[in-house]
Ligand SMILES: Cc1ncc(COP(=O)(O)O)c(C=O)c1O
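Numbering (this note's numbering), first residue to last: 22 to 441.
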């Protein structure tokens with residue numbers, strides 16, 4: 022039952038605890054909705070990446086959950102940061118991530134962002150458009166990658182697919198070759214290429230084909246430009262289990278399969294082995310997170326549908342409404358009770374699409390119950406809104422029986438403060 026929850030999840034006495042803190046204590050101390058991150062799980066997953074690719078730069082993809090405390094934890098384990106805006110760069114710098122471990126992305130970087138990347142001494146700026154070559158050089162950027170679009174359709178939702186033909190990200194091969202040539206002429210150190218095919222990948226197949234594609238592209242580079250990539254950035258993408266049917270590969274197996282394939286292909290083609298960059302987001306922070314909600318209205322709407330309304334919803338987790346992401350839930354203080362039937366968990370927002378969990382077996386929910394949704398550390402708060410003028414939730418990091426606030430709950434007064 023707790024397979025989708027963080028490593029430290031426990032069900033003693035029928036109550037969920039995380040990092041040794043019972044959910045009743047978390048809710049009483051910090052209110053709901055509340056994003057709870059397990060420090061041990063976070064670190065274990067970061068270490069798994071580091072151990073699977075000890076020579077690579079592992080740059081945590083800040084977009085998954087931009088949080089200074091999380092970045093500090095990860096930086097202490099040697100991880101870097103992949104940032105795609107000035108804001109994310111500022112978070113990484115605030116956490117003390119050294120510039121030499123920062124990779125700067127963005128499909129529409131402003132001059133200000135390029136200058137900030139240069140000032141931060143970012144290890145790599147990933148060029149995403151041909152006009153970025155001159156603009157990056159003018160901004161003082163020195164070392165770059167070029168993001169290439171292989172035209173591969175990753176087996177994931179269209180909204181999180183990024184390397185298909187016609188993608189807004191990266192450059193098609195011909196344009197990428199031009200950008201590499203232009204970058205070198207402009208005096209940039211064009212260190213290599215970047216390929217990221219999408220997020221929530223549940224097998225290694227597409228990622229491996231992207232590596233094969235990159236190897237073939239490296240051969241084209243050698244033939245056309247007399248240049249081969251010294252750095253290969255394979256992006257992120259490894260999926261996680263949000264529901265029992267999703268069975269992602271382990272981090273070790275995913276990274277091992279990619280690194281092995283790169284070695285094999287590069288040797289086969291007689292290319293000098295590149296140094297690697299991984300940019301995992303979801304697979305680092307996603308499984309470490311659980312969102313706690315308080316149940317309010319329970320409403321039987323039809324023969325087949327009973328709604329369980331919670332005190333958050335699409336404002337703190339837009340993924341189900343945005344692209345049909347599937348989630349599950351438990352009644353966190355009634356884990357030892359038998360299910361009474363299927364229930365559908367909705368939020369409190371003024372949209373019929375504000376559904377968090379479509380049909381989950383629960384004991385009969387009652388007002389005041391705590392409902393926990395696992396695997397919600399990534400792309401939830403990161404994508405949160407204040408729709409319906411609902412302030413965004415707090416986040417806590419739990420470990421050894423203690424909960425530390427790592428992001429304060431927003432208040433209505435703060436929302437009002439923006440009004441004129
Ligand atoms: C360039 C790049 N790198 C890394 C990631 C992180 O992906 P994930 O969270 O699936 O690991 C993304 C997310 O889409 C991305 O666009």
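Glycine included, each C-beta is placed from N, C-alpha and C at the ideal position. Everything numeric in this text was worked out from a predicted model, so none of it was measured.
Taking all protein chains in view, the Cβ of residue 129 is surrounded by fewer than 16 other Cβ atoms within 10 Å, so the residue is classified as exposed. In this structure, the beta-carbon distance from residue 402 to residue 353 does not fall below 8 angstroms. Closer than 7 angstroms to some heavy atom of ligand 1: that describes the Cβ of residue 220. Shortest gap from the CB of residue 189 to any heavy atom of ligand 1: 7 angstroms or more.
For the 8 angstroms CB-CB criterion, residue 316 and residue 392 form a contact. For residue 178, there is no enclosing alpha helix (DSSP H), since its DSSP letter is neither H nor E. Under the three-state reduction of DSSP output, residue 84 falls in the helix class.
For residue 224, the closest C-alpha among the options 246, 191, 212 and 260 is that of 260. For residue 270, there is no enclosing beta strand (DSSP E), as DSSP marks it with neither H nor E. Under the three-state reduction of DSSP, residue 371 is assigned to coil, being neither helix nor strand. Taken through DSSP and simplified to helix, strand or coil, residue 390 comes out as coil. The beta carbon of residue 203 lies closer than 6 angstroms to those of 154 in the same chain, with the five residues before and after it left out. Exposed is the label assigned to residue 290, since fewer than 16 other Cβ atoms lie within 10 Å of its Cβ.
Proximity to residue 95 across 425, 116, 249 and 438 peaks at 116, based on C-alpha coordinates.
Residues of the same chain with a CB within less than 7 angstroms of the CB of residue 322, apart from the 5 flanking positions on each side, are 328 in chain order.
Measuring C-alpha to C-alpha distances from residue 150 to each of 201, 123, 114 and 111 identifies 201 as the nearest.
In the three-state scheme derived from DSSP, where H, G and I count as helix and E and B as strand, residue 433 is classed as helix.
With a 10 Å radius around the Cβ and a threshold of 16 neighbouring Cβ atoms, residue 300 comes out buried.
Distance check between residue 121 and each of 139, 370 and 75 places 139 closest, using alpha-carbon atoms only. Assignment of residue 439 by DSSP, reduced to helix, strand and coil, places it in the coil class.
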